[in-house]
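Chemist:
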Amino acid sequence: MERLRNSTKVIFWILILSFGLLWGLADTGAIDAIMIGPRSLAEVNGRAITAEEYNARVNAYTQQYQDQTGDAPTLEMRASYDRIAWDELVLERIIESEMERLGITVTDDEIVEMITGPNPHPMVAQYFTREDGTIDRLAMQTAIEDQENASIWLNIEAQLREQRSREKLNTYIQSSLRVTDSEVEQEFVRENSVASVQFVRFPYASVSEDELTVTDSEINSYYRANRNQFEQDKSWRFSFVSYSKLPTAQDTARAIQEVADLRADFAQASNDSLFIRDYFSDRPYFGDWLNPSEVNWFLADAIALNDGEVTEPVIHDNLVSIAKRTESRAGNETFTRVRKIQLNFNDANRAEQLAAARDIVARIGSGASFESIARVNSAHASASRGGELGYIARDEYPTAVSNAVFNTRVGNVTQPLEDGDRFLIFQIVDRSNREVRIAQFSRIIDAEGGGTVSAMREEAVDFREYADLDGFTSEAERRNLDVGEGFATKDTPFITGIGQSQILLNELESIDRRNTLTDVIELDEQFIVVYVTEIIEAGPQPLDEVRAQIENTLRTEKRKQITRERVEQLLASNPTLEGLAAADGKDVQSVSSLRLSSNTLPGAGREPLVVGAAFGAELNAVSPVIAGENAAFVLMVTERTEPDVSQMPASFRTQTRDRLQMEKTQAFQQVWIERLREDADINDFRRFYM
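Counting the sequence shown from 1 gives a position; this note's numbering is that position plus 280.
(1) Could you check if T308 is buried or exposed, using at least 16 other CB atoms within 10 Å of its CB as the buried criterion?
(2) How would you label I962, buried or exposed, when you count the other beta carbons within 10 angstroms and need 16 or more for buried?
(3) Given 8 Å as the limit, is there contact between the segment 709-723 and the segment 557-574, that is, 3 or more CB pairs closer than that?
(4) Provide the residue span of the alpha helix (DSSP H) that contains F625, from first to last.
(5) Closer than 7 Å by C-beta to T776: which residues in its own chain qualify, once you throw out the five before and the five after it? Chain order, please.
(6) Going by beta-carbon coordinates alone, are S878 and V890 separated by less than 7 Å?
(7) In this structure, how does DSSP classify P888 when only helix, strand and coil are distinguished?
(8) For P606, which of D750, A907, I583 has the nearest alpha-carbon?
(9) When you compare only the Cα positions, how much space is there between E845 and I640?
(10) Beta-carbon within less than 7 Å of Q633's beta-carbon, same chain only, minus the 5 sequence neighbours each way: which residues are those?
(11) Taking the C-alpha atoms as reference points, what is the distance between L550 and R609?
(12) May I ask you to report which of helix, strand or coil DSSP gives M379?
(13) Could you compute how far the alpha carbon of R543 sits from the alpha carbon of R655?
(14) Can you give me the C-alpha to C-alpha distance between S853 and R507, rounded to a whole angstrom?
(15) Compare the beta carbon distance of A810 and A740 with 7 Å and say whether it is the shorter of the two.
(16) Express the C-alpha separation of F948 and I556 in angstroms, rounding to a whole number.
(17) Tell me which same chain residues have a C-beta within less than 7 Å of the C-beta of R638, skipping the five on either side of it?
(18) Grab me the residues of E898's own chain with a C-beta within less than 8 Å of its C-beta, minus the 5 sequence neighbours each way, in chain order.
(19) Touch check for the segment 474-485 and the segment 917-934: three-plus C-beta pairs under 8 Å?
(20) Going by alpha carbons, who is nearest to A756 out of S519, K944, T396, S870?
(21) Excluding the five sequence neighbours on either side, which residues of its own chain have a C-beta within less than 8 Å of the C-beta of L382, listed in chain order?
(22) For Q849, which option in V905, R933, A828, E802 has the closest C-alpha, if you only look at C-alpha atoms?
(23) Between which two residues does the beta strand (DSSP E) harbouring F774 extend?
(24) So I708 packs on R689, CB below 8 Å; how close in whole Å?
(25) Less than 7 Å between the beta carbons of G666 and I621, yes or no?
(26) Per DSSP, which one or two residues make a beta bridge with F520?
(27) Could you tell me the alpha carbon to alpha carbon distance between R955 and D367, rounded to whole angstroms?
(28) If you count every other CB in all the chains shown that lies within 10 Å of the CB of I644, and 16 or more means buried, which is it?
(29) Taking DSSP's pairing of strands, which residues face Y671 in a bridge?
(30) Helix or strand or just coil, what does DSSP make of N586?
(31) Is the beta carbon of T836 less than 7 Å from the beta carbon of V812?
(32) Kindly identify the DSSP beta-bridge partner or partners of R920.
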């Protein structure tokens, strides 16, 4: 107590000085600046990216998706749009600063020329073009002088200035990447050179494992010499628990009951489009005429109904749907409703699969359920729905198959029908030539409506709170939860253990310390709580992690070396292709019309080095051993034709020059932009906003 009393005077003066400092900061506005934080979302080379333009860019992508699909983007899509918008805006600022450094500018006179010149920019011309294609200059001038249009013209000016700047930049880049006549001629020769080749192929795979020995010393030496090959970005190793957001059986039953309860009212509705709108169908009204094969399989029951009747609820694509046949008429073609079982086969198991197909037909004939057998045995995508295809037209299958299907009576099953590398068995369900109008009402099987999502979110939050107190592993064990393991790498949205997730990657990239427990993270189909167990900084992967990869590489190299040495020895004592082939029990293979532009050698697969060697080899002479990608080769070129570049068509010259120019520009831009990114001064303030 005495010590505390003696310290009181010191504490008192510290408080006075502290309040004085705060008072002074308040007078200067420094506290306000600290509280407000940065005024922009980011700065790139001193150029601001505002939250407003970032949000506008993200919203534009979101709106575009909604316009195209009619659905709202998922959480993962939204996260991807966030990343795309960010990358685009950063790149735009980088390019803007580079254009300024290069002195690329657009003058006001150029903008005026683009608007009012002899050939106005299409963005402007579209508003003032007469029916005869001429520009209404008076209307244009009136619009320019109208003060109410000032903001519109400012926006147009900004867009034109940006576009013109980019055009100048592209011109600047292309001017330093000219395509020479020699390059065009080389391309003409490459695409039109043809050779006839004979060769003997010695696969590397013929070297047995017993002949290959890779020592630790060799692995260590390879790792030291090639460490740059094993560079990896920053990565995170983590454990996680998950809580599913997917609909439960109760959610599915609820959706089925909701739709079933509407059947009677739907049947009595006099205006189907209004009913579908007023009862919030998750699929819009579509009332056009359809022939039976145009009706989706899950609505096929509607074909056999009477007008005004409604099908029973059907589950498909996470929806429960019913359909009302509103109108029908006779068509000109008959269609057959079928269920299908498909058994695939190859040369080795054809007889076995045919026997299995015949056994299936016999079992169905004895009373077994076609649908049950299809679910277990069919290799077709329809297996999960009992093989149901709906109605098919005659031209959907080869003639032999179609004839069998359309000649089999309703209720019967075809014998196995061979179609390519598969046996098909069809059950004939119905036939119809009725064209129909159908109104479809659908309801999404939603986990939210039944409280499943809310319950899972609460459980995840509860787990996270106790895991923070008692430890992640202990709490997971106490709750008998399955703990998953994951691994993520910077800038790579595919995450081992989770799958594709930009949301989780964003969260992990903000974590710099191991043993970090995240808040609950909501993904499209689950809530997860993540515990980061290890952070691996950017750099070469440890030797232990790449040892197996290096060993495989060294084994491949040794296979190549052993094969090449063996073939060289054989060739020394057997200098002809025929003698060489006979000495090793192989055949001489021949290829005619081999093109220099090809990367594949018929009968040998992808072998660009061998193809290239064929066009550099001496005619009618046995080549040295050529080490290809999958085998060693010895070849002889018996004929070779090279084009006369003086006969090159003008159209080829123009098209090739344009293509090479584009390829050069794209390759340069990729490297150029990457270097600009590396040198850019990027200050990211998003953590203050998000």
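Here a beta-carbon is modelled for each residue, glycine too, at the ideal position from N, C-alpha and C.
If you're wondering where the values come from, they're calculated on a predicted model, not measured in any experiment.
Modeler: Let me spell this out:
(1) Along the sequence shown, one-based indexing puts residue 308 at 28. Low confidence applies here, because T308 scores a pLDDT of 49, under 50, leaving its location unreliable; read the following figure in that light. If you draw a 10 Å sphere on the C-beta of T308, you find fewer than 16 other C-beta atoms in it, and that means exposed.
(2) The sequence position of residue 962 within the sequence shown is 682, counting from 1. Answer is exposed; the Cβ neighbour count stays below 16.
(3) They touch, by the three-pair rule.
(4) Along the sequence shown, one-based indexing puts residue 625 at 345. Counting along the chain, F625 falls outside any alpha helix (DSSP H), and DSSP gives it neither H nor E.
(5) Counting from one through the sequence shown, the residue named residue 776 turns up at place 496. In its chain, beyond the 5 residues on either side, G766, F767 have a beta carbon closer than 7 Å to the beta carbon of T776.
(6) In the sequence shown, counting from the first residue as 1, residue 878 sits at position 598. In the sequence shown, counting from the first residue as 1, residue 890 sits at position 610. Their beta carbons are not under 7 Å apart, which means S878 does not touch V890 by this criterion.
(7) The residue you call residue 888 lines up with position 608 of the sequence shown. Shown here, P888 sits in a helix according to DSSP, grouped into three states.
(8) Mapped onto the sequence shown, residue 606 falls at position 326. It should be noted that the sequence gives Thr, not Pro, for residue 606. Nearest of D750, A907, I583 to T606, Cα basis: I583.
(9) The sequence position of residue 845 within the sequence shown is 565, counting from 1. The sequence position of residue 640 within the sequence shown is 360, counting from 1. Rounded to whole angstroms, E845 to I640 spans 55 Å at the Cα level.
(10) Here residue 633 is taken as the residue at index 353 of the sequence shown, counted from 1. In its chain, beyond the 5 residues on either side, L623, F625, F703 have a beta carbon closer than 7 Å to the beta carbon of Q633.
(11) Counting from 1 along the sequence shown, the entry for residue 550 is found at position 270. Counting from 1 along the sequence shown, the entry for residue 609 is found at position 329. Reading off the sequence shown, one finds Ser at residue 550, where the question assumed Leu. So the alpha carbons of these two residues sit roughly 20 Å apart.
(12) Residue numbering aside, residue 379 sits at position 99 when the sequence shown is read from its first letter. Collapsing the DSSP output to three states places M379 in a helix.
(13) Residue 543 sits at position 263 when you count from the first residue of the sequence shown. Residue 655 sits at position 375 when you count from the first residue of the sequence shown. The alpha-carbon atoms of R543 and R655 are separated by roughly 29 Å.
(14) Taking the first residue of the sequence shown as 1, we reach residue 853 at position 573. Taking the first residue of the sequence shown as 1, we reach residue 507 at position 227. The alpha-carbon atoms of S853 and R507 are separated by roughly 42 Å.
(15) Numbered from 1 along the sequence shown, position 530 holds the residue referred to as residue 810. Numbered from 1 along the sequence shown, position 460 holds the residue referred to as residue 740. It should be pointed out that residue 810 corresponds to Val in this sequence rather than to Ala. Not closer than 7 Å, so no.
(16) For the purposes of this step, residue 556 is identified with residue 276 of the sequence shown, where counting begins at 1. For the purposes of this step, residue 948 is identified with residue 668 of the sequence shown, where counting begins at 1. If you take the alpha carbons of I556 and F948, they lie about 54 Å apart.
(17) For this step, residue 638 is matched to residue 358 along the sequence shown. Cβ neighbours of R638 beyond the five flanking positions: P696.
(18) Translated into positions along the sequence shown, residue 898 becomes position 618. Result list for E898: V917, in chain order.
(19) Touching, yes, given that three or more Cβ pairs across the two stretches are closer than 8 Å.
(20) Walking along the sequence shown from the start, residue 756 turns up at place 476. Closest by alpha carbon: S519.
(21) As a working mapping, residue 382 is identified with position 102 in the sequence shown. Excluding residues within five positions, the ones whose Cβ falls inside 8 Å are L449, Y452.
(22) The residue labelled residue 849 in the question sits at position 569 within the sequence shown. Taking Q849 as reference, the option from V905, R933, A828, E802 with the minimal CA-CA separation is V905.
(23) For the purposes of this step, residue 774 is taken as the residue at position 494 of the sequence shown. Looking at the DSSP string, the run of the beta strand (DSSP E) that includes F774 is 772-776.
(24) The sequence position of residue 708 within the sequence shown is 428, counting from 1. The sequence position of residue 689 within the sequence shown is 409, counting from 1. The Cβ separation is near 7 Å, so the contact holds.
(25) For the purposes of this step, residue 666 is identified with residue 386 of the sequence shown, where counting begins at 1. For the purposes of this step, residue 621 is identified with residue 341 of the sequence shown, where counting begins at 1. The answer is no: Cβ separation not under 7 Å.
(26) Counting from 1 along the sequence shown, the entry for residue 520 is found at position 240. F520 pairs with G764, V810.
(27) Numbered from 1 along the sequence shown, position 675 holds the residue referred to as residue 955. Numbered from 1 along the sequence shown, position 87 holds the residue referred to as residue 367. Rounded to the nearest whole angstrom, the C-alpha separation of R955 and D367 is 15 Å.
(28) Counting from one through the sequence shown, the residue named residue 644 turns up at place 364. With 16 or more other Cβ atoms inside 10 Å of its own Cβ, I644 counts as buried.
(29) Locating residue 671 in the sequence shown gives position 391, where the first residue counts as 1. Within the DSSP bridge table, the entry for Y671 names R617 as partners.
(30) Here the question's residue 586 lines up with position 306 in the sequence shown. N586: coil per DSSP, three-state reduction.
(31) Residue 836 sits at position 556 when you count from the first residue of the sequence shown. Residue 812 sits at position 532 when you count from the first residue of the sequence shown. Going by C-beta atoms, T836 is not nearer than 7 Å to V812.
(32) Locating residue 920 in the sequence shown gives position 640, counting from the first residue. Paired residue(s): A475.
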